[in-house]
Amino acid sequence: MDSPYLYVPATLLIGYLLGAIPVGFLACRVWGVDIRTVGSGRTGATNAWRAAGLKAALPTALGDALKGVAAVVLVRWLLVQLAPAVTEDLSVLAAAAAGGGAVLGHNWSVFLGFRGGAGGMTCALTCLALNPIVGLIVVLVGATMIWWGRIAAIATLSTGVVSLAGFLALSANGVLSWSYLAFAIPACLAIIVSLRSNREKLRQQDERIITLW
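Residues in the sequence shown are numbered consecutively from 25, following our numbering.
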């Protein structure tokens, strides 16, 4: 390509298509259930558990977690193969765009008429793939919210907000490149938009509580 930055839209598309793989829909279909007709209608692990139990929720959680990781790893590998001379900042930008694309694809899958999940699991593990420090904080916060609060929407919102806050803080202090925001901003916005109905339920104190334990 004439400009190496033209790789970035391609990496965004790669991330989107990987994220759009409807793992929850497929996992529930195996058990004869259309997840879109159950609960929130989303395809994430929480609704997969409501639709078909842990036998569908566990593979859904694993698949949703690995989508963003796969996007980041694949894009980094492709850049090494196709453009070994790209700068470190461009490499970060491309990987971050792929990760952001994965969350967008998960939330609005082209394979399901632009329906999908809320993006919490995909966001958290993509953070971990992009930067272990921010990723570990996001995973710990999300897990703590699930364990103590038992409200999936709060845990999911926290992953988006904490990922954006973490990357923004470290970028502003010169620790990380601003390019990481190519992931954090769209991922956070995608989660906030996808959970708009849940935010209203939270205000009304009418949000579902997870009852696994």
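Backbone N, C-alpha and C fix where the C-beta goes; we use that ideal spot for every residue, glycine too.
W237: buried (16+ other C-beta within 10 angstroms of its C-beta) or exposed?
In this prediction, W237 has a pLDDT of 48, which is less than 50 and means its spatial position is unreliable; nothing more can be read from the coordinates.
Please confirm if the segment 77–93 is in contact with the segment 163–171, defined as three or more CB-CB distances below 8 Å between the two stretches.
Short answer: they don't touch.
According to DSSP, simplified to helix, strand and coil, what is S218?
helix
With 16 as the cutoff for other CB atoms within 10 Å, does G68 come out buried or exposed?
buried
For L200 and N155, I'd like the C-alpha separation in whole angstroms.
9 Å
When DSSP labels each residue in this structure, what does R223 get in the three-state scheme?
helix
State the DSSP-derived secondary structure class of S64, mapped to helix, strand or coil.
coil
Residue nearest to S182 in terms of C-alpha spacing, selected from I38, A44, G137 and C147
The shortest C-alpha separation from S182 is found at C147.
Per the DSSP calculation, S133 is bridged to which residue(s)?
R139
W171 - DSSP class collapsed to helix/strand/coil:
Reduced to three states, the DSSP call for W171 is helix.
Contact between the segment 112–122 and the segment 205–219 is defined here as three or more beta-carbon pairs at a separation below 8 Å; is this criterion met?
yes
Across the segment 53–72 and the segment 28–41, are there enough close Cβ pairs to call them in contact, namely three or more that are closer than 8 Å?
no
Count the other C-beta atoms from every protein chain shown that fall within 10 angstroms of the C-beta of T61, then say buried if there are 16 or more, exposed otherwise.
exposed
Could you compute how far the alpha carbon of M169 sits from the alpha carbon of A142?
16 Å
With a threshold of 8 Å on Cβ separation, who are the neighbours of L36 within its own chain once the five nearest residues in sequence on each side are excluded?
Once the five neighbours on either side are set aside, the close Cβ partners of L36 are A121, A122, G124 and G125.
Whose C-beta lies closer than 7 Å to the C-beta of S218 among residues of the same chain, with five residues either side of it excluded?
Within the same chain, S218 has close Cβ partners N131, A142 and G143.
What span of residues does the alpha helix (DSSP H) with Q229 cover, start to end?
Element bounds for Q229: n/a, residue is neither H nor E.
Go through the segment 42–106 residue by residue and report every complete run of the beta strand (DSSP E) that reaches 3 residues or more, in order.
Scanning the segment 42–106 for uninterrupted beta strand (DSSP E) segments of 3 residues or longer gives nothing; none is fully contained.
What are the boundary residues of the alpha helix (DSSP H) that T111 is part of?
Taken as a continuous stretch (DSSP letters only), T111 belongs to no alpha helix (DSSP H), as it is neither H nor E.
Around the C-beta of G137, are 16 or more other C-beta atoms found within 10 angstroms, so that it is buried, or is it exposed?
exposed
Taking Cβ to Cβ, would you say L149 is nearer than 9 Å to G184?
no
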